[in-house]
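Read the structure below first, then the notes.
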Amino acid sequence: MIEQIHFGYLTAMFLRLFLFIFICSCVFTPSPHPILIPPLKKSLGGKKQNTVYTLGYMSEYDIWEFLKESPSEKEVLDTFGFPDSVWVDDLETTKILYYFISDIQDFNTIEISAKTDSVSGFEWD
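FYI, in our numbering the residues of the sequence shown are 1354 to 1478.
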């Protein structure tokens, strides 16, 4: 008789513990942070953006120093204009903005962290 009560009590406790853990794990999941992709140059319909970079006011050294300070995505778009292409990595942690430089026929990249919306890396020739 005592074993039946003991078994029933343990079963009820394990069930309560399981439900508590299940409910807590569902409640505390973080909400997904949507990744917003900036518009592309193609969306301008052939118009040229007038930015500090496109007007030729930045030297290669100025570009390097600007990107090294980890500016926000908005500051990057205001300085360089819209990118030619945008990619998001598989883990959705980084946006990669591609800028085509016609003089050297090469792409330069700026990596934007999806978490902080600031520059996390770059390759600029």
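Think of the CB as a built atom: it goes at the ideal place given N, C-alpha and C, for glycine as much as any other residue.
Rounded to whole angstroms, Ile1449 and Lys1468 show a C-alpha spacing of 13 angstroms. Fully contained in the region 1367-1437 are the following alpha helix (DSSP H) runs of length 4 or more, in chain order: 1413-1421, 1426-1433. Distances from the alpha-carbon of Asp1443 to those of Ile1388, Asn1403, Phe1373 put Ile1388 closest.
Assignment of Thr1364 by DSSP, reduced to helix, strand and coil, places it in the helix class.
In the DSSP annotation of this structure, the continuous segment of the beta strand (DSSP E) that includes Ser1466 starts and ends at 1459-1466.
A Cβ-Cβ distance of about 6 angstroms is found for the pair Pro1436 and Leu1393, placing them in contact under the 8 angstroms criterion. The continuous beta strand (DSSP E) containing Ser1473 extends over residues 1472-1476. With a threshold of 16 other beta carbon atoms within 10 Å, Ile1454 falls short and is exposed.
CA-to-CA, the gap between Ile1463 and Gln1402 works out to about 18 angstroms. Going by DSSP, Thr1447 is part of the beta strand (DSSP E) stretching over 1447-1454.
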